[in-house]
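Each remark here refers to the structure printed beneath this line.
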Ligand SMILES: [Zn+2]
Ligand SMILES: [Zn+2]
Ligand SMILES: [Zn+2]
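Next comes the structure, spelled out in structure tokens:
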């Protein structure tokens with residue numbers, strides 16, 4: 531008997547919307563790199579990256595919903611829920627698009643401070659959706675991907691012992707100049723990610 535038979539696999543789907551081939555390579559590498567980090571201490575987490583384009587049925591459904599979102603400026607929240615409904619259990623989706631994309635405009639309209647990316651819903655949800663619309667900054671990709679996996683913004687940590695928010699990836703402006711090497715997460719976020727993983731793998 532396989533002891534892990536009843537355990538759900540955590541999947542991180544990624545999808546490029548109206549992007550170039552080089553953007554697709556950039557995103558694939560960023561996601562792969564993060565999954566490699568997550569395997570190590572302190573998270574020790576198996577997250578499986580998958581390209582939406584490789585799944586014909588899923589890509590159709592996702593593209594229809596993304597199209598709806600960008601054409602209905604007040605429907606971000608409903609659209610995000612529609613997207614998570616088409617994902618398999620314990621799977622999350624990160625969409626990468628241009629800052630001028632309709633998705634970015636609708637996301638910022640929904641949440642003003644979501645200047646580079648947005649994740650919704652997040653926390654202990656079975657599926658989550660994120661959009662990243664800053665081009666070429668893998669730190670923003672990692673920030674939103676970690677929201678998908680259960681991390682909160684460091685501004686919500688409120689704890690000096692826990693948080694080096696000037697160098698955490700979950701800070702307001704994650705970029706190469708101000709984020710330390712892996713593990714670039716504070717203790718509270720490591721705990722949140724592990725808690726969500728435990729929840730997800732047993733749904
Ligand atoms: Zn954030
Ligand atoms: Zn922190
Ligand atoms: Zn913290």
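In the working numbering, the protein residues as written are 531 to 733. C-beta: ideal position from N, C-alpha, C; glycine also. Given the structure is predicted, the values throughout are model-derived calculations rather than measurements.
| query | result |
| --- | --- |
| Decide if the stretch 633-650 is in contact with the stretch 559-569; the criterion is three or more beta carbon pairs, one per stretch, under 8 Å apart. | no |
| So does the stretch 668-679 actually touch the stretch 561-576, counting three or more Cβ pairs closer than 8 Å? | yes |
| Considering only the alpha carbon of each residue, which of 694, 647, 617, 626 lies closest to residue 657? | 617 |
| With distances taken from CA atoms, which of 701, 654, 547 is nearest residue 643? | 701 |
| In this structure, how does DSSP classify residue 688 when only helix, strand and coil are distinguished? | coil |
| May I ask whether a heavy atom of ligand 1 can be found less than 7 Å away from the beta carbon of residue 622? | no |
| Measure the alpha-carbon distance for residue 660 versus residue 652 and round it to whole angstroms. | 9 Å |
| What number of angstroms, rounded off, separates the C-alpha of residue 705 from the C-alpha of residue 551? | 23 Å |
| Can we say the stretch 582-602 touches the stretch 680-700, given the rule of at least three CB pairs closer than 8 Å? | no |
| Kindly indicate which residue of 679, 690, 695 has the alpha-carbon position closest to the one of residue 574. | 679 |
| Ignoring anything shorter than 3 residues or poking outside the stretch 666-733, list the beta strand (DSSP E) runs there in chain order. | none |
| Could you tell me which whole beta strand (DSSP E) segments of length 3 or greater appear in the stretch 636-663? | 647-650, 659-662 |
| Would you say the beta carbon of residue 631 comes nearer than 7 Å to a heavy atom of ligand 2? | no |
| Among residues of its own chain, excluding the 5 on either side of residue 546, which ones have a beta-carbon nearer than 7 Å to its beta-carbon? | 553, 554, 557, 626 |
| Taking only the alpha-carbon atoms, compute the straight-line gap between residue 532 and residue 586 and give it to the nearest angstrom. | Any reading at residue 532 must be qualified, since the residue scores a pLDDT of 47, below 50, and its modelled position is unreliable; the value itself is stated next. Approximately 30 Å between the Cα atoms of the pair. |
| Can you pull the DSSP bridge partners for residue 577? | 540 |
| I need the straight-line Cα distance from residue 696 to residue 709, nearest angstrom please. | 7 Å |
| Hey, out of 719, 668, 603, 723, whose CA is closest to residue 689's CA? | 719 |
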